[in-house]
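Numbering-wise (my numbering), the sequence shown opens with residue 101 and increments by one. The beta carbon of each residue, even a glycine, is placed where N, CA and C say it ideally should be. Report on one structure; see the data block that follows.
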Amino acid sequence: MARIPERAEAVVIGGGAVGLACAYALARAGVGVLVLERDHVGAGASAGSACMVCPSHADRTASPASLRTGLRFLLDAKSPLKLRPRPSELGWVARFTAASLSEARAEEGTRLLRALAVRSTELHGAWGAELGTGLVMHGTLNLWGGAGAAAGQAAVVDEARHAGLAIEALDAAGIAALEPSVRGATHGALAPGDGHVDSLRFTECLAAGARAHGAEVVERVEVVRIDRSGPWIRLTTTAGTVAAERVVVAAGIWTRRFADDVGVALPITPAKGYHAEFAGVVEDAQRPIYFSDAHCVATPLDGRLRIAGTLEIGTDPFRVDLRRVDALREAGERYLGPLPDPSGIWLGQRPLTSDSMPLVGPLPGDPRVLVASGHGTLGITLAPVTGELVAGHVTGELDAPDPLLDPARFGGLSGVRAAAGRRRAPAAR
């Protein structure tokens with residue numbers, strides 16, 4: 101059985117990409133860190149990620165455009181979206197719908213997410229060089245074909261340029277020059293500031309890097325309860341009790357349960373996603389290829405191609421819907437030609453907040469307990485900058501979270517907010 105110390109300066113709950121990025125940043129800052137992971141490092145959503153590092157796709161999901169698209173998708177069993185909310189999730193759906201009505205709020209959120217993603221990509225580069233994560237910076241290729249292709253390309257190119265992101269519009273010849281295996285696409289757009297990294301390798305490298313800076317990373321230990329009634333925060337685990345000065349909850353979809361322990365309700369729901377992997381195909385691919393009409397992406401990973409996508413709310417978390425897998429394969433075959441049977445299928449749960457913005461900062465009423473969760477599909481992209489922000493809070497370099505990331509921003513919480521700090525999150529561009 102794993103053993104844990106009786107005390108720690110900071111305990112991070114969760115050994116996924118976000119939790120280990122927090123641990124790595126904290127350990128580099130000289131903080132004594134203990135990471136507790138209920139399974140093995142990267143076992144949750146991190147392992148199944150699309151593996152993109154993508155400022156160009158860092159959009160606020162809760163938006164009027166998402167509502168319009170979502171209503172159309174709900175009528176198609178193979179669409180990227182499936183919504184079957186249980187009664188306990190109806191409140192979340194109502195909040196999400198309300199948060200999606202304002203174009204101004206959607207644009208504000210997207211500006212911040214893209215600024216964070218740009219900073220996070222810089223950190224991916226620096227950390228990747230130090231840790232050997234295998235980051236590849238060849239951009240993302242977005243594809244369109246058929247009716248509406250020109251309009252889709254124009255909208256994405258205009259939006260990226262308005263945000264100050266590099267983007268290059270491509271015709272069929274330009275697409276073929278970049279990715280010879282692609283067929284059937286008439287319009288494309290290359291976002292050269294994007295990259296990709298094997299998400300499991302990235303997570304394992306973060307764990308090794310945190311350990312090299314003095315952190316303890318303990319696997320197969322589950323945190324059962326958080327008690328903050330005393331001068332130290334006491335965590336009851338399956339391996340005993342540990343007392344901590346600070347706790348960072350980076351537990352993905354289980355974050356809500358730990359917040360409940362300290363009297364804070366966080367509107368996080370599981371958003372199920374899939375990937376299918378195909379061995380020995382499209383081996384000349386150099387970058388993620390995003391199929392804009394199907395809202396899924398094919399990412400080349402060391403001898404295999406991973407096609408990832410879909411968003412399901414309220415469905416059975418353990419049931420594989422083969423129609424979703426078929427839809428991923430069909431999207432790939434439309435632009436890449438025939439694919440064999442998948443060599444692997446994955447499904448998992450991403451933590452999505454009711455306004456689709458991450459939660460990064462102290463819980464209201466007790467700055468000793470911080471949250472780093474709710475990143476939805478942007479966990480790999482935003483992991484490094486999340487670690488940087490959490491380390492800033494713990495060391496005192498950053499006093500207040502950005503209002504759009506603040507865990508106290510939701511109605512029904514205590515409403516306690518820290519005073520404005522000396523350093524803020526990266527300014528939205």
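Q449: member of the beta strand (DSSP E) spanning G444 to T453, first to last residue.
Rounded to the nearest angstrom, the gap between the Cα atoms of F173 and A165 is 12 Å.
Its chain contains L241 and A398 as the residues whose beta carbon lies nearer than 6 Å to that of I389, once the 5 sequence neighbours on both sides are disregarded; these appear in chain order. As DSSP reads the structure, T477 sits in no beta bridge. DSSP places W244 within a strand segment (E or B) once states are collapsed to three. Take the alpha-carbon of C122 and the one of A273: they are about 43 Å apart.
Pairing L126 with L231 gives a Cβ-Cβ distance that is not under 8 Å.
Exclusion of the five residues before and after G474 leaves I368, P451, T453, P458 and L459 as the residues of its chain whose Cβ lies within less than 6 Å of its Cβ.
Just so you know, the alpha carbons of V282 and Y435 end up roughly 5 Å apart. Selection F418, F358 and D455 evaluated against A194 yields D455 as nearest (Cα-Cα). Residue pairing by DSSP puts A408 in a beta bridge opposite H375 and V397. In the three-state reduction of the DSSP assignment, H493 falls in the helix class. A straight line joining the alpha-carbon of L366 with that of H262 spans about 33 Å. Its chain contains T286 and H287 as the residues whose beta carbon lies nearer than 6 Å to that of A249, once the 5 sequence neighbours on both sides are disregarded; these appear in chain order. Here the C-alpha atom of I413 lies approximately 37 Å from the C-alpha atom of A108. Collapsing the DSSP output to three states places E279 in coil. In the three-state scheme derived from DSSP, where H, G and I count as helix and E and B as strand, D384 is classed as coil.
By the beta-carbon neighbour count (other beta carbons within 10 angstroms, threshold 16), E304 is buried. Straight through space, the alpha carbons of R320 and H375 are spaced by roughly 25 Å.
Rounded to whole angstroms, the separation of the alpha carbons of A247 and G487 is 42 Å. Judged by beta-carbon spacing, V133 lies within the 8 Å limit of V112, meaning their Cβ atoms are closer than that value. The region 497-511 and the region 378-395 do not touch, with fewer than 3 CB-CB distances between them shorter than 8 Å. Nearest to A150 by C-alpha distance, out of R205, T337 and R301, is R301.
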